[in-house]
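*Asks:* Can you read through this structure? Questions will come right after.
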Amino acid sequence: MTREAGELQLLAVLTLPGVEGSVRHARLFVRDTLVPGRLSPGDELLDDVTLVVDEFAANCVRHTASGRGGRFHVALWAGDGVLRAEVSDDGAGGKRPEPRDAQDAENGRGLQIVAALASRWGHRPDGPRTTVWAEFTTRVRC
């Protein structure tokens, strides 16, 4: 993590098989973890976090070893005014996530969407694996 470990509290973590159907389960995990108690079902922040996790999870399945018989992990963290979503893959042969210039493409805009929705985002290597993360500013104490 880029923040001090004590600043964010782990809310929940889920490990899923690296198959397309797991992306839906990643979205449901976000909603089930944050509603009720932290966010309401119609909250725009909930929609943003869910969409970002969807993009991260789909990228894991499509572009990393997670989608070739592996797994991926979804973690939600919260701190004072911050909600953080992380997705960790099983490795991508040294490739790291980078937004593409895909204005006219039918796909490839996922990380641009992440950049537009999150307060900040990034990735960190963990050996052969990569964790992508996005942080969202919130007034709600998560």
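Going by this note's numbering, the sequence shown opens with residue 16, and the numbers climb by one from there.
Backbone N, C-alpha and C fix where the C-beta goes; we use that ideal spot for every residue, glycine too.
Please return the same chain residues whose Cβ sits closer than 8 Å to the Cβ of H40, not counting the five positions on each side in sequence.
*Replies:* Residue numbering aside, residue 40 sits at position 25 when the sequence shown is read from its first letter. The residues are L29 and L31.
*Asks:* For R46, which of helix, strand or coil comes out of DSSP?
*Replies:* In the sequence shown, the residue the question calls residue 46 occupies position 31. Correct three-state label for R46: helix.
*Asks:* Return the CA-CA distance between L87 and S81, expressed in angstroms with no decimal places.
*Replies:* Position 72 of the sequence shown, counted from the start, is the residue given in the question as residue 87. Position 66 of the sequence shown, counted from the start, is the residue given in the question as residue 81. Looking at the sequence provided, one finds Phe at residue 87 rather than Leu. Near 6 Å, if we compare the C-alpha coordinates of S81 and F87.
*Asks:* Could you check if G36 is buried or exposed, using at least 16 other CB atoms within 10 Å of its CB as the buried criterion?
*Replies:* Reading the sequence shown from its first residue, position 21 is the one you call residue 36. By the 10 Å Cβ count, G36 comes out exposed.
*Asks:* From the DSSP secondary-structure annotation, give me the bridge partner or partners of S103.
*Replies:* Numbered from 1 along the sequence shown, position 88 holds the residue referred to as residue 103. Looking at the DSSP assignment, S103 forms a beta bridge with H88 and T146.
*Asks:* Can you tell me whether G84 is buried or exposed, with buried defined as 16 or more other CB within 10 angstroms of its CB?
*Replies:* The residue you call residue 84 lines up with position 69 of the sequence shown. Its Cβ having fewer than 16 others within 10 Å, G84 is exposed.
*Asks:* Pull up the CB-CB distance for D105 and G33, whole angstroms please, since I reckon it's below 8 Å.
*Replies:* Numbered from its first residue, the sequence shown carries residue 105 at position 90. Numbered from its first residue, the sequence shown carries residue 33 at position 18. With a Cβ gap of about 7 Å, D105 and G33 count as contacting.
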